[in-house]
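Engineer: Okay, so the sequence shown: first residue is -1 according to our numbering, each after it adds one. Ideal Cβ positions, reconstructed from N, Cα and C, are used throughout, including at glycine.
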Amino acid sequence: MSLEYYNRIEVASRDEISTLQLKRLKHIVRHAYNNNNFWKNHMANADVHPDDIKSLQDLSKFPFMVKNDFRDNYPLKLLCVDRRDVVRLHGSSGTTGKPTIVAYTKNDIKMWSEAVARSLVIAGVTPDDIVQIAYGYGLFTGGMGAHYGAERLGSIVIPISGGMTSRQIQTIEEIKPNAMMVTPSYMVNIAEAMDKKGMDTRKTSIRVGIFGAEPWTNEMRSHIEERFDMDAVDIYGLSEVVGPGVAQESVESKDGLTIWEDLFYPEIIDPETGEVLPDGEQGELVITTLAKEAMPVIRYRTGDITRIIPGDVRSMRRIEKITARNDDMIILRGVNIYPSLLEEQIMKVPGLSSNYLIERYRMGAMDQLRIRVEPVDEEQDSSRMQRQLTYNIKSTIGASVDVIIEPLGVLPRSEGKAKRVVDLRRYN
Ligand code: DLL
-1 MSLEYYNRIE VASRDEISTL QLKRLKHIVR HAYNNNNFWK NHMANADVHP DDIKSLQDLS
59 KFPFMVKNDF RDNYPLKLLC VDRRDVVRLH GSSGTTGKPT IVAYTKNDIK MWSEAVARSL
119 VIAGVTPDDI VQIAYGYGLF TGGMGAHYGA ERLGSIVIPI SGGMTSRQIQ TIEEIKPNAM
179 MVTPSYMVNI AEAMDKKGMD TRKTSIRVGI FGAEPWTNEM RSHIEERFDM DAVDIYGLSE
239 VVGPGVAQES VESKDGLTIW EDLFYPEIID PETGEVLPDG EQGELVITTL AKEAMPVIRY
299 RTGDITRIIP GDVRSMRRIE KITARNDDMI ILRGVNIYPS LLEEQIMKVP GLSSNYLIER
359 YRMGAMDQLR IRVEPVDEEQ DSSRMQRQLT YNIKSTIGAS VDVIIEPLGV LPRSEGKAKR
419 VVDLRRYN
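#1: Do you know offhand how far N216's Cα is from R150's?
#2: Assign G141 to buried or exposed, taking buried as 16 or more other Cβ atoms, counted over all protein chains shown, within 10 Å of its Cβ.
#3: Given this structure, state the Cα-to-Cα distance separating A101 from T286, to the nearest angstrom.
#4: Thinking C-alpha only, which one of H25, V311, D198, Q55 is nearest A245?
#5: Distance, Cα to Cα, E318 vs M218?
#6: Evaluate I123 with the Cβ neighbour count: other Cβ atoms within 10 Å of its Cβ, from every protein chain shown; 16 or more gives buried, anything less gives exposed.
#7: For the ligand DLL, is there a heavy atom less than 7 Å away from the beta-carbon of E341?
#8: So, do the segment 166 to 182 and the segment 190 to 208 have three or more beta carbon pairs nearer to each other than 8 Å?
#9: Indicate, with yes or no, if the ligand DLL has a heavy atom lying under 7 Å from the CB of R323.
#10: Tell me S90's beta-bridge partners as DSSP assigns them.
#11: On the three-state DSSP scale, how would you describe P308?
#12: Quick check: what's the CA-CA separation for I188 versus Q378?
#13: Measuring alpha carbon to alpha carbon, tell me which residue in Y133, G407, L57, D326 is nearest R418.
#14: From the DSSP output, in three-state form, read off A211 for me.
#15: In chain order, which alpha helix (DSSP H) runs of at least 4 residues are fully inside the segment 44 to 86?
#16: In angstroms with no decimal places, state the Cα-to-Cα distance between F62 and I266.
#17: Can you name the start and end residues of the beta strand (DSSP E) that M345 belongs to?
#18: Can you tell me whether DSSP reads D400 as helix, strand or coil?
#19: Am I right that G210 and Y234 are in contact with their C-beta atoms under 8 Å? What's the rounded C-beta distance?
#20: Quick check on DSSP: helix, strand or coil for A322?
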């Protein structure tokens, strides 16, 4: 354990951590029940009461909370504190219907900033570093969340936000950041723009990239690390819980993300039955906030698929890298396909870039899948890459998909969360 910690609890004994978790859990469940009607009814309907929490395991008797509970209680009906104590709102734009809003007290912002500061420490960032934050600022939690955490750590923050790619590059060139916080897809976009300008991406000052807000594979990690000659680590979070910084991969192991268990209590459930699964088994991540005042969540179903694994650089447990969500699985003629499995195969074909788009469409009564992908440059042999990718997908995933090698520059470039899957079925 060579990394210095931010807060002593990160390296405390397991006993000490669980004692603190239980104390906080009792408090948060009572806080929600006493101060908000949604929570009172939610618990009453499931026939449970705050007094039922005698051990951490008792949490499994409590009902789940889902994203729709946020939509149904939009904007502020989930508030568990006086409105005067709220200092900030964030939210998601809501691709389907109503947006969601989350609220924070001063203490919530402090807690969240600490979670991000801890995350930066295990990512290898120090107070002496300059951190360029290219997550979007605004209602999205990425920019402001990263910002407050990096400031809390004492680094120099460049709040550049997402977009303005040439300004990003100029800043990298002239202000020489040591760390970059950005979505992995936007980092690839920045690399491409630097190539176009004839700049050497391997010669920047950036030592580490803290990438998240969207799924990305280990193949993508190798690609980015190679391209920039830097370390690429994973940061996880979600707005309903707090934003970025719920869990973070360490630069030492790059193998699973330490979850800040004194603040966020993780469970893994079977998504079909709701049953809690033991550590090590794969299922849906469910989170209970242990220290959030304004809008605590109790057993929030994240939709993200992972497993819990033991701690390494900290006493706190880790979650495995999240490469799939419950709702992004594509079932193609009986074969289950996650977009990340396709990304893995694309990145393994020499000559293909990470600019790809998966299109679902219908031919007759049959669902079909098409992968459109660009080569790294015009020198590549398209028919070789087309054959190789089609064959690899068929032999590893077992599905027949159409592969189209596109000319350079036709696919959309990401400046934030990349949209990798497009559903065209209603147009066919
Ligand atoms: O994306 C918060 C965030 C900002 C995390 C910046 C990391 C960095 P939402 O917009 O609410 O919040 O989206 C949350 O994004 O449930 C996951 O499905 C996905 N996600 C976030 N981080 C990762 C990651 C922010 N590291 C949803 N790997 C989550 C895979 C991720 N998926």
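Structural biologist: In short, the structure shows the following:
#1: Approximately 29 Å, taken between the alpha carbons.
#2: The residue in question, G141, is buried, as its Cβ has 16 or more Cβ neighbours within 10 Å.
#3: Rounded to the nearest whole angstrom, the C-alpha separation of A101 and T286 is 16 Å.
#4: Checked all of H25, V311, D198, Q55; the closest Cα to A245 is V311.
#5: Going from the Cα of E318 to the Cα of M218 covers about 16 Å.
#6: Sequence check: residue 123 is Val here, not Ile. Per the 10 Å Cβ criterion, buried.
#7: With a threshold of 7 Å, the Cβ atom of E341 does not count as near the ligand DLL, since no heavy atom of the ligand is closer than that.
#8: Result yes; three or more Cβ-Cβ pairs closer than 8 Å.
#9: For the ligand DLL, at least one heavy atom lies less than 7 Å from the Cβ of R323.
#10: Answer is T98, bridged to S90.
#11: Assigned with DSSP and collapsed to three states, P308 falls in coil, not helix or strand.
#12: Rounded to the nearest angstrom, the gap between the Cα atoms of I188 and Q378 is 22 Å.
#13: Measuring from the Cα of R418, the nearest candidate turns out to be D326.
#14: It is coil, neither helix nor strand.
#15: Entirely contained in the segment 44 to 86, the alpha helix (DSSP H) runs reaching 4 residues are, in chain order, 65 to 70.
#16: Spanning the two alpha carbons is a distance of roughly 12 Å.
#17: Counting along the chain, M345 falls outside any beta strand (DSSP E), though it belongs to the alpha helix (DSSP H) covering 337 to 346.
#18: DSSP places D400 in strand when its eight states are reduced to three.
#19: Sure, about 6 Å apart at Cβ, within 8 Å.
#20: Reduced to three states, the DSSP call for A322 is strand.
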